[in-house]
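Sequence order for the protein chains is A and B.
If you count the first sequence from 1, position 66 lands on 65 in numbering that gives the first Met the number 0, and the numbers rise without skipping.
If you count the second sequence from 1, position 82 lands on 81 in numbering that gives the first Met the number 0, and the numbers rise without skipping.
Written out below as structure tokens is the structure these notes cover.
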Amino acid sequence: MELFTNQVLAGIATGAIYACMALAVVMIYQAIDHLNFAQGEMAMFSTFISWQLMQWGVPYWAAFVITLVFAFFGGIAIERVLFKPLAKAPILTNVAGFIALFAIINSSAGLIWDFTIKQYPTPFGSAPFLGSQLISTHQAGMIGVTVLMLIGLYFFFQYTRIGLAMRAAASVPESARLVGINTSWMIALGWGMASAIGAIAGMLIAPVVFLEPNMMGGVLIYGFAAAVLGGLTSPLGAVVGGFLMGIFENLAGTYIPGVGNELKLPIALALIISVLVVKPAGLFGRHIVKRV
Amino acid sequence: MTVLLNVKDLRAYYGQVQALHGLSFSLDEGSLTTLLGANGAGKTTTLRAICNMVRSTGGIEFDGKPLNNRSTESIVRFGIAHVPQGRGTFTTMTVEENLQLGAITRKDNAGIVSDIERMYAHFPVLKQRHTQQAGTLSGGEQQMLAVARALMLRPRLMLLDEPSFGLAPLVVRDLFGILGKINREDKVSILVVEQNAQLALELADQAYVIETGRIVMSGNAKDIANNEEIRKSYLGY
Chain A
0 MELFTNQVLA GIATGAIYAC MALAVVMIYQ AIDHLNFAQG EMAMFSTFIS WQLMQWGVPY
60 WAAFVITLVF AFFGGIAIER VLFKPLAKAP ILTNVAGFIA LFAIINSSAG LIWDFTIKQY
120 PTPFGSAPFL GSQLISTHQA GMIGVTVLML IGLYFFFQYT RIGLAMRAAA SVPESARLVG
180 INTSWMIALG WGMASAIGAI AGMLIAPVVF LEPNMMGGVL IYGFAAAVLG GLTSPLGAVV
240 GGFLMGIFEN LAGTYIPGVG NELKLPIALA LIISVLVVKP AGLFGRHIVK RV
Chain B
0 MTVLLNVKDL RAYYGQVQAL HGLSFSLDEG SLTTLLGANG AGKTTTLRAI CNMVRSTGGI
60 EFDGKPLNNR STESIVRFGI AHVPQGRGTF TTMTVEENLQ LGAITRKDNA GIVSDIERMY
120 AHFPVLKQRH TQQAGTLSGG EQQMLAVARA LMLRPRLMLL DEPSFGLAPL VVRDLFGILG
180 KINREDKVSI LVVEQNAQLA LELADQAYVI ETGRIVMSGN AKDIANNEEI RKSYLGY
């Protein structure tokens, strides 16, 4: 039983990271109808920025905040330079754009910081949390920071004018323009926020997976799986999907014979396919019905 | 009477297809003007061209200022509220959020709060349903919501695209009564596009008839309604 509780709690901790990545993916999907394959690389690059700042002697939380600001404006810049011009381009053009972005960021990080694995500090420590062997303080910190961020986002989207405008721009762009919302900037803002959310995920997971240019590869696949599981049209679904994914991954690795660490990722991919077959809109997603 | 909206030689295009062929008309401040015409005559395109939602050439002046080449969202800031065909409801949001979105360009929070109350007084059904998802409203209720959302801008000019579409005759009467009241009491100029010519002519001061992208008839709404020849040849009733 203790093993089970332990695995579930650890699953919630990594699930928090998947939830962040899934949420970032869904925010951009809602805004531009494309999956951002480079979401993980953007997060990785931001994490490197925070590491570099700490190498220069900036304290952890200051580096954390500066990195969020960097990620936010970096996300906006990527949208303005690369994807705004592609807004009316065919899907494949956009896919090519995302792959290019992936390669550019990945190689740049390798060029600047090389591909060796680096230690990344945790501000929470890795002692047992509250004296319990079930979960470490860092895992508790991952959950805590993610939950705080989700609460913050909820209030932002539910109770601020700009949050309302962003939701309107994503749901009915034409009507949003007709009430005076600059939908193009709302998309850019969505990119900035998604990029900052990804940066949080990167900085929280880096002490676990270690820092290197390919650190987010697996994480992003779980993030995609979480987003598909929850439904690409539902931010809440993405978050729930993320936590479920984390728990599922851990339990499968522990209890299904022969899965272990090696087969966890294929299991996540199998889950994406099964969900798409059984429930194409995901657990919380809406079917988009268009009148012809 | 001062001219609020002046459209001169408007030509609009959907890709290679020209939908408006040099259309000119004007709308007086405080008036309720209607654009009539059959399906495909170019009524909707005219409204969309005013808000720069379709490629067009020609002159569009609002209160003496040219609107050409401005983005749709900046044209709203002149005080032009456009209720599009199909109502443009934010269906996944609540009724109250829809009203707040109508006022999203305004900064006076106290005024917005009191205007929402004013809308609930105009349209009591919206107050009953203010926490409900707007997509769950009936067609008539959604049209009321669309008009209320437009009024939340405190517009000088309201553009309405077929407000009667898909509504029961009684609901249409109600709605047109409210539009007349808004026009008189709130001094909002209204340009309404309609297929239901009879009803629109009862309500309007001025009327224009469009056929295949050109104005073919214009004048006082009462005169046009009383002219049997025009009615039979252009308006079909």
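Every residue, glycine too, gets a C-beta built ideally from N, C-alpha and C.
| task | Report the rounded CA-to-CA distance for Lys42 (chain B) versus Arg160 (chain A), giving the unit in angstroms. | result | Indexing the second sequence from 1 puts residue 42 (chain B) at position 43. Indexing the first sequence from 1 puts residue 160 (chain A) at position 161. One C-alpha to the other measures close to 33 Å.
| message | I need the DSSP call for Leu9 (chain B), collapsed to helix, strand or coil. | response | As a first step, residue 9 (chain B) must be located in the second sequence, where it is residue number 10. Look at Leu9 (chain B) here: in three-state DSSP terms it is strand.
| What are the start and end residues of each continuous alpha helix (DSSP H) run of 4 or more residues lying completely inside the segment 181-226 of chain A, in chain order? | Here the runs fully enclosed are 182-208.
| message | Given a cut-off of 8 Å on the beta-carbon distance, is the pair Phe70 (chain B) and Ala11 (chain B) in contact? | response | Numbered from 1 along the second sequence, position 71 holds the residue referred to as residue 70 (chain B). Numbered from 1 along the second sequence, position 12 holds the residue referred to as residue 11 (chain B). In the sequence as presented, Phe is not what sits at residue 70 (chain B); that position holds Ser. No.
| Taking all protein chains shown into account, do 16 or more other C-beta atoms lie within 10 angstroms of the C-beta of Val291 (chain A), making it buried, or fewer, making it exposed? | Locating residue 291 (chain A) in the first sequence gives position 292, counting from the first residue. With a pLDDT of 43 at Val291 (chain A), under the threshold of 50, the modelled position of this residue cannot be trusted; read the value that follows with caution. By the neighbour-count rule (16 or more Cβ atoms within 10 Å), Val291 (chain A) is not buried but exposed.
| task | Starting from Gly261 (chain A), find everything on chain B with Cβ-Cβ shorter than 7 Å and list it in chain order. | result | As a position in the first sequence, residue 261 (chain A) is number 262, starting the count at 1. First, the amino acid is wrong: residue 261 (chain A) is Glu here, not Gly. None at all; the shortest Cβ gap to chain B is about 42 Å.
| task | Evaluate the contact criterion for the segment 200-215 of chain A versus the segment 28-35 of chain A: three or more CB pairs, one atom per stretch, below 8 Å. | result | no
| Between the segment 61-77 of chain B and chain A, which residues of the former have CB atoms less than 9 Å from a CB of the latter, in chain order? | Ser70, Thr71, Glu72, Ser73, Ile74, Val75, Arg76
| task | State yes or no: is the beta carbon of Gln194 (chain B) nearer than 8 Å to at least one beta carbon in chain A? | result | As a working mapping, residue 194 (chain B) is identified with position 195 in the second sequence. Answer no: the Cβ-Cβ gap between Gln194 (chain B) and chain A never drops below 8 Å.
| said: Against chain B, does Glu329 (chain A) count as a neighbour if the rule is that its beta carbon must be under 8 Å from one of theirs? | reply: Past the boundaries of the shown model lies residue 329 (chain A); chain A is included only from 0 to 291, so the question cannot be answered.
| In DSSP terms, what Leu156 (chain B) is bridged to | Reading the second sequence from its first residue, position 157 is the one you call residue 156 (chain B). Note: Leu156 (chain B) sits in a beta bridge opposite B:Ile79, B:Ser188.
| message | Counting only Cβ pairs nearer than 8 Å, list the residues of chain A close to Ile103 (chain B). | response | Working through the second sequence from its first residue, we reach residue 103 (chain B) at position 104. Result: Arg160, Leu163, Ala164, Ala167, Val178, Gly179, Ile180.
| field | Among A:Ile116, A:Ala164, A:Asn260, the one whose alpha carbon lies nearest that of Ile186 (chain A) | value | In the first sequence, the residue the question calls residue 186 (chain A) occupies position 187. If we check each option's Cα against that of Ile186 (chain A), A:Ala164 comes out closest.
| query | In chain order, which continuous runs of the alpha helix (DSSP H) of length 4 or greater are located wholly inside the segment 95-178 of chain A? | reply | 136-158, 160-170, 172-177
| query | Can you tell which of A:Ala224, A:His137, A:Tyr59 has its C-alpha closest to the C-alpha of Ile124 (chain A)? | reply | Position 125 of the first sequence, counting from 1, holds the residue named residue 124 (chain A). The residue you asked about is not Ile; residue 124 (chain A) is Gly in the sequence shown. Of A:Ala224, A:His137, A:Tyr59, the residue nearest in Cα terms is A:His137.
| field | Residue from A:Phe209, A:Ala42, A:Leu231 with nearest C-alpha to Thr66 (chain A) | value | Here residue 66 (chain A) refers to the residue found at position 67 of the first sequence. The residue with the shortest Cα to Cα distance from Thr66 (chain A) is A:Ala42.
| request: Anything in the segment 193-219 of chain A with a Cβ closer than 7 Å to a Cβ of chain B? List those residues in chain order, please. | output: none
| C-beta contact flag for Glu261 (chain A) and Tyr221 (chain A) at 8 Å | By one-based count along the first sequence, residue 261 (chain A) stands at place 262. By one-based count along the first sequence, residue 221 (chain A) stands at place 222. No, these two residues do not count as a Cβ contact at 8 Å.
| message | Could you tell me which whole alpha helix (DSSP H) segments of length 4 or greater appear in the segment 80-163 of chain B? | response | Counting only runs of 4 or more, we get 94-101, 108-121, 123-127, 138-150.
| request: Over the uninterrupted alpha helix (DSSP H) stretch that includes Met20 (chain A), give me the two end residues. | output: The count along the first sequence starts at 1 and reaches residue 20 (chain A) at position 21. Counting along the chain, the alpha helix (DSSP H) containing Met20 (chain A) begins and ends at 1-31.
| query | Is it buried or exposed for Tyr207 (chain B), if we count other Cβ within 10 angstroms and need 16 for buried? | reply | Position 208 of the second sequence, counting from 1, holds the residue named residue 207 (chain B). The residue is buried, with at least 16 neighbouring Cβ atoms inside 10 Å.
| request: Since I believe Gly230 (chain A) is in contact with Gly236 (chain A) (beta carbons under 8 Å), could you give me their beta-carbon distance rounded to a whole number of angstroms? | output: Sequence index remark: in the first sequence, residue 236 (chain A) carries index 237 (1-based). Sequence index remark: in the first sequence, residue 230 (chain A) carries index 231 (1-based). Their Cβ separation, rounded to whole angstroms, is 4 Å, which keeps Gly236 (chain A) and Gly230 (chain A) in contact under 8 Å.
| request: Kindly indicate if chain A contains any beta-carbon less than 8 Å away from that of Pro154 (chain B). | output: Taking the second sequence and counting its residues from 1, one reaches residue 154 (chain B) at position 155. No, Pro154 (chain B) does not count as interfacial toward chain A.
| said: Please list, in chain order, the chain A residues whose beta carbon lies closer than 7 Å to that of Leu150 (chain B). | reply: Looking up residue 150 (chain B) in the second sequence gives position 151. In chain order: nothing, as chain A lies at least about 12 Å away.
| message | What would DSSP say about Val277 (chain A), mapped onto helix, strand or coil? | response | To locate residue 277 (chain A), count along the first sequence from 1; it is residue 278. Helix, per DSSP.
| query | Can you check whether the CB of Phe223 (chain A) is closer than 8 Å to the CB of Ile11 (chain A)? | reply | Position 12 of the first sequence holds residue 11 (chain A). Position 224 of the first sequence holds residue 223 (chain A). Contact flag unset, no.
| field | First through last residue of the beta strand (DSSP E) which encompasses Phe82 (chain A) | value | On the first sequence, residue 82 (chain A) is found 83 positions in, with the first residue counted as 1. It is not in any beta strand (DSSP E) - Phe82 (chain A) carries neither H nor E in the DSSP assignment.
| Is there at least one Cβ from chain A nearer than 8 Å to Leu100 (chain B)'s Cβ? | By 1-based counting over the second sequence, the position of residue 100 (chain B) is 101. Chain A, which has a Cβ nearer than 8 Å to the Cβ of Leu100 (chain B), makes this yes.
| task | Mind checking which residues open and close the alpha helix (DSSP H) that includes Gln194 (chain B)? | result | By 1-based counting over the second sequence, the position of residue 194 (chain B) is 195. Unbroken run through Gln194 (chain B): none, as it is neither H nor E.
| task | Kindly indicate the opening and closing residues of the beta strand (DSSP E) around Ile255 (chain A). | result | Taking the first sequence and counting its residues from 1, the one referred to as residue 255 (chain A) is at position 256. Counting along the chain, Ile255 (chain A) falls outside any beta strand (DSSP E), and DSSP gives it neither H nor E.
| query | Rounded to whole angstroms, how far is the Cβ of Val274 (chain A) from the Cβ of Val227 (chain A), which I believe are closer than 8 Å? | reply | As a working note, residue 274 (chain A) is residue 275 in the first sequence. As a working note, residue 227 (chain A) is residue 228 in the first sequence. Their Cβ separation, rounded to whole angstroms, is 6 Å, which keeps Val274 (chain A) and Val227 (chain A) in contact under 8 Å.
| query | Mind pulling the chain B residues with CB within less than 7 Å of Leu40 (chain A)? | reply | Numbered from its first residue, the first sequence carries residue 40 (chain A) at position 41. Note that residue 40 (chain A) is Glu in the sequence shown, not Leu. Near Glu40 (chain A) there are no residues of chain B at all, since even the closest Cβ is about 32 Å away, more than 7 Å.
| request: Hey, could you find the ends of the beta strand (DSSP E) Met0 (chain B) is sitting in? | output: The residue labelled residue 0 (chain B) in the question sits at position 1 within the second sequence. Element bounds for Met0 (chain B): n/a, residue is neither H nor E.
| request: Can you pull the chain B residues whose beta carbon is under 9 Å from the beta carbon of Glu173 (chain A), in chain order? | output: Position 174 of the first sequence, counted from the first residue, corresponds to residue 173 (chain A). In chain order: Met52, Thr71, Pro83, Gly87.
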